[in-house]
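A short write-up of the structure that comes next.
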């Protein structure tokens, strides 16, 4: 992933700055040499950390300070100001830190500080080994967290994919559009897993779980014993069940290989039809337009994304795509596909040499079902992400958990949620008993416009709009029976952070 530095500006903090110029809770942007640095006051203490988020290089000076943490305005990563640790995904790497000296009413930023040491856990009471099934967001985050928390036992990460854990959100955005290089995509280089003692096994399929024996059976017939098991098998794209739906030029997008196949196909394609106005479908449409391919979108609804975002945001999304040359065929479905095009339920025929299906995903829960675990439109877990079987946890797209913010059991298929659940599940496998109560968050990118969503609104009876969606500057607040459920922002990153914080603090009503 990209980690370009924030441009250097502000005072040279090595030369000193008046302590009185640093306002409590407001980061001050300066620099040390050619590195952008934030100076933050916490009481009488002054802390200096890097000013660039380690996820997509977001400007932390535009974020918010909460307690002894700072949150990124772009994708809500969170860092500890004292240790630099990345506390919440999507950031995985810590921030650099510097020593701050206070003298005669001045503050001077001095030498870099070493990385904070990891804790050392005594093995007593810990699982003898941990197996993670699934190499996506939740599985990778869990494996990393186990090591960061000091767990020294065997960790095995099983992935059916042929590629190591990758930055999946980028596969439909900049990478597919051709504006992100390939070296941005892996979450970690392969040698990271070896260095951390994580046994990453690619192209490896788990086919059965034996909860009583605490073993996982693999497709080659071998078995792995576990002390604790995390299921993080994610979701699978729903295929289009129409004549021609399995033809070679009909694609879905889930894995790095899927994205690479789309990029290869886009090299010769002139006309594409995207079936489904989902987030993935529309992000693919934007990326293909960036490659100067003619794009038509087919969907049964009257407005794209209106079921999730409401009519005003749906109209805004449609407008920006049309401004970039996308043609919509709404109120229609595909009934047949052949080598030259797609036939619609309206009788229309669309010429296409590339078809992309984005009609949703379904959680991959078959492994859990065969093992007799409780399922309910996903794998049912408690507030600690433990399943109905002792020692087995679930996280990510497959988990349905009791959400304290909505008061209901919910199932969310978002990258950041999956990573955060992976972290919590890892700590709970170590006996922490930490409740998962993070506020759901996701973002979606359409050309130069980004939509941020916090909360969870499966239904609502009122949407309050502040600002002008047509100018890509607005906040949409979703209410249900007097309770605030979710907040969508466009062009208001800081407001999105504040909305997330309000939900956390129980000020959503």
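In the numbering used here, the protein residues as written are 1 to 509. Quick reminder that beta carbons are idealized off the backbone N, C-alpha and C, glycines included. For clarity, every value in this text was computed on a predicted model and none was experimentally measured.
is_contact[residue i, chain B] using C-beta, thresh 8 angstroms
i           : result
residue 432 : The structure shown has no chain B; it contains just one protein chain.
Status (buried if at least 16 other CB within 10 Å, exposed otherwise) for residue i
i           : result
residue 488 : buried
residue 190 : exposed
residue 207 : exposed
residue 97  : buried
residue 496 : buried
residue 173 : buried
residue 459 : exposed
residue 159 : buried
residue 406 : buried
residue 303 : buried
residue 429 : buried
residue 432 : exposed
residue 2   : Caution applies to residue 2, whose pLDDT of 46 falls short of 50 and renders its modelled position unreliable; the value that the coordinates give is listed next. The residue is exposed, with fewer than 16 neighbouring Cβ atoms inside 10 Å.
residue 444 : buried
residue 18  : exposed
residue 492 : buried
residue 188 : buried
Residues bridged to residue i (per DSSP)
i           : result
residue 18  : 106
residue 441 : 454
residue 471 : None, per the DSSP bridge assignment.
residue 383 : Beta-bridge pairing links residue 383 to no other residue.
residue 185 : Answer is none; residue 185 lacks a bridge partner.
residue 490 : 451, 474
residue 164 : None, per the DSSP bridge assignment.
residue 524 : It is not possible to answer for residue 524, since the shown part of the chain is limited to 1 through 509.
residue 424 : Residue 424 is not bridged to any residue.
residue 26  : Answer is none; residue 26 lacks a bridge partner.
residue 216 : 209, 224
Which of helix, strand or coil DSSP assigns to residue i
i           : result
residue 73  : coil
residue 313 : helix
residue 429 : helix
residue 284 : helix
residue 279 : helix
residue 145 : helix
residue 412 : coil
residue 503 : helix
residue 354 : strand
residue 301 : coil
residue 98  : strand
residue 327 : strand
residue 340 : coil
residue 137 : helix
residue 359 : coil
residue 395 : coil
residue 497 : helix
residue 446 : strand
residue 2   : Its pLDDT being 46, under 50, residue 2 is placed unreliably in this model, and the value from its coordinates should be taken loosely. If DSSP states are grouped into helix, strand and coil, residue 2 belongs with coil.
residue 294 : strand
residue 60  : helix
residue 322 : helix
residue 250 : strand
residue 419 : helix
Neighbourhood of residue i by C-beta distance below 6 angstroms, restricted to the same chain and skipping five residues each side
i           : result
residue 425 : 142, 230, 385, 393, 395
residue 435 : 383
residue 490 : 451, 472, 474
Delimiting residues of the alpha helix (DSSP H) encompassing residue i
i           : result
residue 80  : Counting along the chain, residue 80 falls outside any alpha helix (DSSP H), though it belongs to the beta strand (DSSP E) covering 78 to 80.
residue 193 : 190 to 195
residue 169 : 168 to 171
residue 370 : 366 to 370
Cut-off 7 angstroms between Cβ atoms - residues of its own chain near residue i, not counting five sequence neighbours on either side
i           : result
residue 137 : 168, 396, 415, 418, 419, 422
residue 504 : 439
residue 269 : 293, 353, 354
residue 113 : 97, 98, 99
residue 176 : 259, 262, 263, 284, 287
residue 467 : 473, 474, 475
Beta strand (DSSP E) segment containing residue i, residue limits
i           : result
residue 263 : Unbroken run through residue 263 is the alpha helix (DSSP H), 256 to 266; no beta strand (DSSP E).
residue 452 : 449 to 455
residue 35  : 35 to 42
residue 199 : 198 to 201
residue 373 : Careful: residue 373 lies outside any beta strand (DSSP E) and carries neither H nor E.
residue 180 : First-last for residue 180: undefined, no H or E at that position.
residue 238 : Looking at the DSSP string, residue 238 is not in any beta strand (DSSP E), and its letter there is neither H nor E.
residue 64  : 64 to 66
Other residues of its chain near residue i: CB distance less than 8 angstroms, five sequence neighbours each side excluded
i           : result
residue 123 : 152, 153
residue 387 : 231, 368, 373, 374, 379, 380, 381, 393, 394
residue 446 : 282, 283, 286, 317, 320, 321
residue 509 : Its pLDDT being 44, under 50, residue 509 is placed unreliably by the model, and the measurement read from it follows with that caveat. Contacts found: 482, 483, 484.
residue 296 : 271, 272, 273, 274, 326, 327, 328, 329, 350, 352
residue 182 : 175
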